[in-house]
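K.L.:
These protein sequence lines are chains A and B, in that order. Counting from 11, one number per residue, gives the positions in the first sequence under my numbering. Counting from 4, one number per residue, gives the positions in the second sequence under my numbering.
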Amino acid sequence: MSTGIHSGGCQCGAVRYRFSTLGKASICHCRMCQKAFGNYFAPLVEVEGFEWTRGARAVFASSNLSNRGFCRDCGSPLTLETDDVFEVAVGSLDDPSVVYIAYHANIADRHEIIMRLDAIPDASPDREAENNQWNARIVSHQHPDHDTETWPERKA
Amino acid sequence: MTQFHSGGCQCGAIRYRVEGALEYPHLCHCRMCQKAAGNYFMPLGFAPGKTLTITRGEPGWFQSSDPVRRGFCRDCGTPLFFDTLQSDGMAVTLGSLDDPAAFPPVSQDGIETRMPFHAALGSLPGKNVDRDDLPGGIESIASTNHQHPDHDTELWCTS
């Protein structure tokens, strides 16, 4: 357990949260987490002292026991909630690197590629140059990785 | 013969179909994809031209920057599409495919913000989850699963 103030939210910033305590964290490979996240797995951390600080999450009851919270304005997956456990999507934290993932869960559904992620090559120099050119053009509408007084920010 | 791959969101309100192969399947580690995905990276593959058809529902869209909008399901939140407005075609999230193993990633982009422990993910210990914390165990989830099945359906009604 690690205690402090941790904040996070969805991509657009309509829904923001804060919590005090980080608990057990795992990467879940079950097909429900995969599809809910549109990804190969879901990184989830149990938290305590949690409060929503802006907006209201939407909820999909993915089973009779589990609710999944997300932002209806931008779609970011945010939480997995049961009567007993409240978990946050690690990538939605403003600083996801504070979470220490302890283990892989539901490995029966795990994709083989996960065991050799480091074998996937980095983008070629040409591709990187292309990406960098692209990034230089981007004016992001993403909420910054910290709490804000008001949102959306309007730039002059 | 042309191959089709189907996919959609968790609840099944949005379904799509891709004709032929997705191009350049890759993991994007940029902070925008991370936060949009609530994850460490977003896996994307590009459906060129008009090869992507939305076969059920209307996705929600978030304009994450001027050149790009991201499509998702308003009913369950699943991130589905990455649409560069100027490009002819659209990328889909590989995990939303009914067969996510169909297009293994060939590259990693946005490595400047890749998580420092990314390469070590494969070496974490693994365990099957029993959900002993729930009164009915894992069976209580499996038997009440509200997720859309991994294939197209004639009718689907989210309860």
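Here a beta-carbon is modelled for each residue, glycine too, at the ideal position from N, C-alpha and C. Since we're looking at a predicted model, the values are computed, not measured.
Going straight from the alpha carbon of ARG67/A to that of PRO70/B, what length do you get?
P.N.:
The straight-line gap from Cα to Cα measures roughly 27 Å.
K.L.:
Name the two residues that bound the continuous alpha helix (DSSP H) containing GLU115/B.
P.N.:
No alpha helix (DSSP H) holds GLU115/B; DSSP gives it neither H nor E.
K.L.:
Determine the direct distance from the alpha carbon of GLY48/B to that of HIS149/B, and round the result to whole angstroms.
P.N.:
In a straight line, the C-alpha of HIS149/B is about 27 Å away from that of GLY48/B.
K.L.:
Between LYS34/A and chain B, is there a C-beta pair that is closer than 7 Å?
P.N.:
No, no contact with chain B.
K.L.:
Tell me, to the nearest whole angstrom, how far the beta carbon of TYR43/B is from that of PRO154/A; I am working on the premise that it is less than 8 Å.
P.N.:
With 8 Å as the limit, TYR43/B and PRO154/A do not qualify as a contact, their Cβ atoms being about 19 Å apart.
K.L.:
If you count every other CB in all the chains shown that lies within 10 Å of the CB of SER162/B, and 16 or more means buried, which is it?
P.N.:
Caution applies to SER162/B, whose pLDDT of 47 falls short of 50 and renders its modelled position unreliable; the value that the coordinates give is listed next. The residue is exposed, with fewer than 16 neighbouring Cβ atoms inside 10 Å.
K.L.:
Under 6 Å Cβ to Cβ from THR89/A, same chain only, skipping five residues before and after it: list those, please.
P.N.:
Taken in chain order, the residues that qualify are GLY79 and VAL98.
K.L.:
By how many angstroms is the C-alpha of PHE70/A removed from the C-alpha of PRO46/B?
P.N.:
Going by the C-alpha atoms only, they are around 23 Å apart.
K.L.:
Here's the rule I'm using: 16 or more other beta-carbon atoms within 10 Å means buried, otherwise exposed. How should ASP86/B be labelled?
P.N.:
Looking at its Cβ environment, which holds 16 or more other Cβ atoms inside 10 Å, ASP86/B is buried.
K.L.:
For the stretch 120–138 of chain A and the stretch 56–65 of chain B, state whether three or more C-beta atom pairs, one from each stretch, are separated by less than 8 Å.
P.N.:
No, the stretch 120–138 of chain A is not in contact with the stretch 56–65 of chain B.
K.L.:
How would you write the range of the beta strand (DSSP E) that SER30/A sits in, first residue to last?
P.N.:
26–38 is the span of the beta strand (DSSP E), which, as asked, contains SER30/A.
K.L.:
Answer with buried or exposed for GLY23/B, where buried requires no fewer than 16 other C-beta atoms within 10 angstroms of its C-beta.
P.N.:
Exposed is the call here.
K.L.:
At 3 residues or longer, and completely inside the stretch 27–65 of chain B: list those beta strand (DSSP E) runs for me, N to C.
P.N.:
Taking only runs of at least 3 residues, the beta strand (DSSP E) segments lying wholly in the stretch 27–65 of chain B are 45–51 and 55–59.
K.L.:
Quick one: which chain B residues come within Cβ less than 7 Å of GLN143/A?
P.N.:
Those do not exist, as GLN143/A stays about 12 Å from chain B at its closest Cβ, beyond 7 Å.
K.L.:
Give the interface partners of ASP83/A over in chain B, defined as CB-CB distance under 8 Å, in chain order.
P.N.:
Per Cβ cutoff of 8 Å: GLY63 and PHE65.
K.L.:
Tell me the DSSP secondary structure of VAL57/A in three-state form.
P.N.:
It is a strand residue.
K.L.:
What residues from the stretch 134–149 of chain B come within 7 Å of chain C, judged by C-beta to C-beta, listed N to C?
P.N.:
Reference to chain C is not applicable here, since the protein chains of this structure are A and B.
K.L.:
At a cut-off of 6 Å, would you count VAL21/B as near the ligand GTP, judging by its Cβ distance to the nearest heavy atom?
P.N.:
Only the bare structure without any ligand can be found here, which leaves the ligand GTP out of the picture.
K.L.:
Does the separation of the CB atoms of SER76/A and THR92/A fall below 7 Å?
P.N.:
It is a contact, given that the beta carbons lie within the stated cut-off.
K.L.:
Could you tell me if THR56/B is buried or exposed, where buried requires 16 or more neighbouring beta carbons within 10 angstroms of its beta carbon?
P.N.:
Exposed, by the Cβ-count rule.
K.L.:
Using the DSSP secondary-structure output, state which residues sit across from TRP161/A in a beta bridge.
P.N.:
Answer is none; TRP161/A lacks a bridge partner.
K.L.:
Can you check whether the CB of SER36/A is closer than 7 Å to the CB of ILE144/B?
P.N.:
It is not a contact, given that the beta carbons lie outside the stated cut-off.
K.L.:
Report all residues from its chain with a CB closer than 8 Å to the CB of ALA166/A; omit the five preceding and five following residues, and keep chain order.
P.N.:
In this prediction, ALA166/A has a pLDDT of 36, which is less than 50 and means its spatial position is unreliable; nothing more can be read from the coordinates.
K.L.:
Measuring CB to CB, does ALA24/A end up less than 7 Å from GLY85/A?
P.N.:
Cβ atoms of ALA24/A and GLY85/A: not closer than 7 Å.
K.L.:
Using beta carbons (cut-off 7 Å, strictly below), is GLY92/B in contact with chain A?
P.N.:
It does not; no Cβ of chain A falls within 7 Å.
K.L.:
Between the stretch 119–136 of chain B and the stretch 139–156 of chain A, do at least 3 Cβ pairs fall closer than 8 Å?
P.N.:
Flag = no, the stretch 119–136 of chain B and the stretch 139–156 of chain A do not touch.
K.L.:
CB-CB under 6 Å to GLY113/B, same chain, minus the five flanking residues each way: which ones, in chain order?
P.N.:
Answer for GLY113/B: CYS31, HIS32 and CYS33, listed in chain order.
K.L.:
Mind checking whether PRO87/A and ALA46/A have CB atoms under 7 Å apart?
P.N.:
Yes, these two residues count as a Cβ contact at 7 Å.
K.L.:
How would you list, in chain order, the residues of chain B whose beta-carbon sits under 8 Å from the beta-carbon of ARG64/A?
P.N.:
In chain order: nothing, as chain B lies at least about 15 Å away.
K.L.:
Taking 7 Å as the threshold (beta carbon to beta carbon), is GLN89/B in contact with chain A?
P.N.:
Closer than 7 Å: no.
K.L.:
Check VAL108/A in the structure and name its three-state DSSP category.
P.N.:
Three-state result, VAL108/A: helix.
K.L.:
Can at least three beta-carbon pairs, one atom from the stretch 128–135 of chain A and one from the stretch 102–116 of chain B, be found at a separation below 8 Å?
P.N.:
Because the criterion of three Cβ pairs below 8 Å is met, the stretch 128–135 of chain A and the stretch 102–116 of chain B touch.
K.L.:
Three-state secondary structure (DSSP) at ASN142/A?
P.N.:
Residue state, collapsed to three classes: helix.
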